[in-house]
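First up is the structure itself, then whatever we jot down about it.
In full-length UniProt numbering, the protein residues as written are 1 to 430.
Structure representation (structure tokens):
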């Protein structure tokens with residue numbers, strides 16, 4: 001069993017299986033000579049950064065890649081809950097983009113995208129520049145649906161109620177709120193109705209906050225208000241940790257959809273129950289595809305998520321636009337995770353290189369996902385799945401017998417979680 005786990009811990013460095021295209025003489029193709037090798041990538045998270053690297057690498061550096069990203073460095077959402085709980089620093093989850101620029105020759109523009117013209121194949125930037133593309137890759141992450149929780153947007157903008165579903169300034173701000181809590185105080189976290197980014201993420205956060213309380217504020221309590229009827233990932237293992245390690249500290253309340261907040265009284269409002277007060281509120285609203293995907297009309301599934309051709313991740317709405325990561329309508333049992341965004345990017349990168357050079361696209365790509373969750377500062381749990389594209393069903397199906405979940409809480413798995421992070425950051429950014 002440990003050898004299998006060790007394989008999973010290093011799986012991120014291998015990535016999606018059987019994807020690298022074979023491009024004999026690609027540098028001298030008609031498309032290249034005609035300037036048909038310009039790819040613009042919007043967003044440099046797990047999806048966008050991986051796509052940039054592998055399009056350059058798998059094309060023999062013959063396809064021009066330009067990344068549009070407003071951030072100064074890559075900051076990982078996975079592992080960020082350890083920062084919130086005080087066990088790691090922001091520096092521990094931050095990686096420079098320098099290798100993508102210098103080692104792989106990726107062009108870089110620090111800006112935001114204002115609009116996309118799919119017919120003209122152009123992208124207009126906030127700095128006034130317009131970029132032409134042959135292929136556009138969108139990895140825009142999520143947009144928070146503030147309108148689903150009354151009062152949340154104003155409270156969030158004022159810094160009173162934080163969400164921290166994107167690692168960055170709110171990560172440290174939430175950590176400071178927790179540190180400032182009195183011993184005996186209450187931390188209340190809400191989980192939105194699925195689907196949402198990183199299914200085990202909110203439960204891991206609640207657990208690690210309890211781990212911090214156990215050491216520094218033992219009279220304090222964590223409340224988890226879940227809009228769903230059960231824990232959305234690794235339920236038996238999380239509940240085992242709560243019962244054995246945090247008895248009396250964590251209270252899990254399912255079927256409680258948050259409808260509003262009162263920042264002044266620090267109250268949470270629900271559909272079915274009386275308001276609850278807490279010292280720190282971490283309210284996570286429902287989510288949808290990133291704003292630029294919505295503005296471009298790509299979010300065609302329930303006006304929230306982007307439908308794609310899973311074999312290439314090309315949009316079902318606009319040709320030559322490929323959408324990755326949390327913004328897409330996921331296939332069955334495929335989570336919205338950093339690892340999965342990395343895998344989407346490799347499938348898309350291979351397909352884009354093949355399509356630009358008139359080569360056949362891999363008909364049966366395989367992707368994998370491994371998700372670790374810390375349940376203390378020394379122990380972790382994981383879930384893993386492997387998915388293969390099925391031509392008949394036009395989607396990814398889980399490979400029978402390929403997945404697995406931890407047998408229990410384990411210090412060894414915490415080491416594997418660290419190895420997973422190191423491997424996937426290297427795979428994505430170096």
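C-beta: ideal position from N, C-alpha, C; glycine also.
Within a Cβ cutoff of 8 Å, which residues of the same chain sit near residue 308, ignoring the five residues on either side of it in sequence?
Here the question's residue 308 lines up with position 308 in the chain shown. For residue 308, same chain residues with a beta-carbon under 8 Å away, outside a window of 5 residues either side, are 314, 315, 316, 322, 323, 328 and 329 in chain order.
Same chain, Cβ closer than 8 Å to residue 272, neighbours up to 5 away in sequence not counted:
On the chain shown, residue 272 is found 272 positions in, with the first residue counted as 1. Closer than 8 Å at the Cβ level, and outside the excluded window around residue 272, lie 255, 256 and 257.
Same chain only: Cβ atoms within 8 Å of residue 56, ignoring 5 sequence neighbours per side:
Numbered from its first residue, the chain shown carries residue 56 at position 56. Cβ within range, chain order: 63, 65, 104, 105 and 106.
Within 10 angstroms of its Cβ, does residue 215 collect 16 or more other Cβ (buried), or is it exposed?
Sequence index remark: in the chain shown, residue 215 carries index 215 (1-based). It is exposed - the Cβ of residue 215 has fewer than 16 other Cβ atoms within 10 Å.
Where does the unbroken alpha helix (DSSP H) through residue 357 begin, and where does it stop?
The residue labelled residue 357 in the question sits at position 357 within the chain shown. No alpha helix (DSSP H) holds residue 357; DSSP gives it neither H nor E.
Contact between the stretch 43-52 and the stretch 132-143 is defined here as three or more beta-carbon pairs at a separation below 8 Å; is this criterion met?
Touching, yes.
Any non-hydrogen atom of the ligand NAD closer than 7 Å to residue 270 Cβ:
Of ligands this structure carries none, so the ligand NAD is not represented either.
Can you list, in chain order, the stretches of the alpha helix (DSSP H) that have 4 or more residues and sit fully within the UniProt domain "FAD/NAD(P)-binding" (38-152)?
For the UniProt domain "FAD/NAD(P)-binding" (38-152), whole alpha helix (DSSP H) runs of length 4 or above, ordered along the chain, are 46-58, 80-84 and 98-102.
Straight-line CA distance for residue 390 to residue 187?
If you number the chain shown from 1, residue 390 lands on position 390. If you number the chain shown from 1, residue 187 lands on position 187. When rounded, the distance between both Cα atoms is 44 Å.
Length of the line joining the Cα atoms of residue 145 and residue 283
On the chain shown, position 145 is the one that residue 145 refers to. On the chain shown, position 283 is the one that residue 283 refers to. Their backbone Cα atoms lie some 12 Å apart in a straight line.
Please determine if the stretch 373-388 and the stretch 411-419 are in contact, where contact requires at least 3 C-beta pairs separated by less than 8 Å.
Touching, yes, given that three or more Cβ pairs across the two stretches are closer than 8 Å.
Check this for me: beta carbons of residue 243 and residue 47, under 8 Å apart or not?
The residue labelled residue 243 in the question sits at position 243 within the chain shown. The residue labelled residue 47 in the question sits at position 47 within the chain shown. Taking 8 Å as the Cβ cut-off, residue 243 and residue 47 do not qualify as a contacting pair.
Validate contact between the stretch 353-361 and the stretch 187-199 using beta carbons, cut 8 Å, 3 pairs:
Contact between the stretch 353-361 and the stretch 187-199 is absent, because fewer than three Cβ pairs lie under 8 Å.
In angstroms with no decimal places, state the Cα-to-Cα distance between residue 306 and residue 299.
The count along the chain shown starts at 1 and reaches residue 306 at position 306. The count along the chain shown starts at 1 and reaches residue 299 at position 299. Approximately 4 Å, taken between the alpha carbons.
Who are the Cβ neighbours of residue 421 in its own chain at under 6 Å, not counting the five residues just before and after it?
Position 421 of the chain shown, counting from 1, holds the residue named residue 421. For residue 421, where only same-chain residues beyond five positions count, the Cβ hits under 6 Å are 79.
Hey, how far is the Cα of residue 175 from the Cα of residue 192?
Stepping through the chain shown from its first residue, residue 175 is reached at position 175. Stepping through the chain shown from its first residue, residue 192 is reached at position 192. Residue 175 and residue 192: Cα-Cα distance of roughly 21 Å.
Return the bridge partner residues of residue 283 from the DSSP annotation.
The sequence position of residue 283 within the chain shown is 283, counting from 1. DSSP lists 190 as the bridge partner or partners of residue 283.
Taking 8 Å as the cut-off, decide whether the C-beta atoms of residue 365 and residue 311 are in contact.
Along the chain shown, one-based indexing puts residue 365 at 365. Along the chain shown, one-based indexing puts residue 311 at 311. Taking 8 Å as the Cβ cut-off, residue 365 and residue 311 qualify as a contacting pair.
Give the range of the beta strand (DSSP E) segment to which residue 221 is assigned.
On the chain shown, residue 221 is found 221 positions in, with the first residue counted as 1. Bounds of the beta strand (DSSP E) holding residue 221 are 221-226.
Using only CA atoms, which one of 236, 245 and 229 lies nearest to residue 209?
As a working mapping, residue 209 is identified with position 209 in the chain shown. Among 236, 245 and 229, the Cα nearest to that of residue 209 belongs to 245.
Nearest-angstrom Cβ-Cβ length linking residue 164 and residue 170, presumed shorter than 8 Å
In the chain shown, counting from the first residue as 1, residue 164 sits at position 164. In the chain shown, counting from the first residue as 1, residue 170 sits at position 170. Between residue 170 and residue 164 the Cβ distance is about 4 Å, and since that is below 8 Å, they are a contact.
Best match in 230, 259 and 218 for proximity to residue 247 [C-alpha to C-alpha]
Taking the first residue of the chain shown as position 1, residue 247 is located at position 247. Closest by alpha carbon: 218.
Buried versus exposed call for residue 234 [16 or more other C-beta atoms within 10 Å across all chains shown]:
Position 234 of the chain shown holds residue 234. Burial check for residue 234: the Cβ neighbour count within 10 Å reaches 16 or more, so the residue is buried.
With 16 other CB atoms within 10 Å as the buried threshold, where does residue 407 fall?
Within the chain shown, the letter at position 407 stands for residue 407. Exposed, since its Cβ has fewer than 16 Cβ neighbours within 10 Å.
In three-state DSSP terms, what is residue 372?
In the chain shown, the residue the question calls residue 372 occupies position 372. Under the three-state reduction of DSSP output, residue 372 falls in the strand class.
Select from 386, 275 and 74 the residue whose C-alpha is nearest the C-alpha of residue 425.
Looking up residue 425 in the chain shown gives position 425. Of 386, 275 and 74, the smallest CA-CA separation from residue 425 is found for 74.
Simplified DSSP assignment, three categories, for residue 391:
Here the question's residue 391 lines up with position 391 in the chain shown. In the displayed model, residue 391 falls within coil according to three-state DSSP, outside both helix and strand.
Pairwise C-alpha distance: residue 377 and residue 87
What you label residue 87 is simply residue 87 of the chain shown in a count that begins at 1. What you label residue 377 is simply residue 377 of the chain shown in a count that begins at 1. If you draw a straight line from the Cα of residue 87 to the Cα of residue 377, it is about 7 Å long.
So, for residue 397: in the same chain, excluding its five sequence neighbours on each side, which residues have a beta-carbon less than 7 Å away from its beta-carbon?
Numbered from 1 along the chain shown, position 397 holds the residue referred to as residue 397. These residues qualify, in order along the chain: 387, 388 and 390.
Residue 278 - partner residues in DSSP beta bridges
The residue given as residue 278 occupies position 278 in the chain shown. Residue pairing of residue 278 in beta bridges, as defined by DSSP: absent, with no partner found.
In terms of residues, what are the limits of the alpha helix (DSSP H) holding residue 201?
As a first step, residue 201 is located in the chain shown; it is residue number 201 there, counting from the start. Per DSSP, residue 201 belongs to the alpha helix (DSSP H) from 201-216.
One question on the structure: do residue 338 and residue 76 come within less than 8 Å of each other, judged by their Cβ atoms?
Counting from 1 along the chain shown, the entry for residue 338 is found at position 338. Counting from 1 along the chain shown, the entry for residue 76 is found at position 76. The beta carbons of residue 338 and residue 76 sit closer together than 8 Å.
Close beta carbons around residue 293, own chain, < 7 Å, minus the five adjacent residues each side
Translated into positions along the chain shown, residue 293 becomes position 293. Contacts found: 138, 140, 299, 306, 323 and 327.
If you draw a straight line from the alpha carbon of residue 260 to that of residue 333, how long is it in whole angstroms?
Position 260 of the chain shown holds residue 260. Position 333 of the chain shown holds residue 333. The alpha-carbon atoms of residue 260 and residue 333 are separated by roughly 30 Å.
Please list the segments of the alpha helix (DSSP H) lying wholly inside the stretch 229-265, counting only runs of 4 or more residues, in order along the chain.
Complete alpha helix (DSSP H) runs here, min 4: 235-245.
Quick check on this structure: which residue in 112, 84 and 92 has the alpha carbon closest to the alpha carbon of residue 69?
What you label residue 69 is simply residue 69 of the chain shown in a count that begins at 1. Minimum Cα distance to residue 69 is reached at 112.
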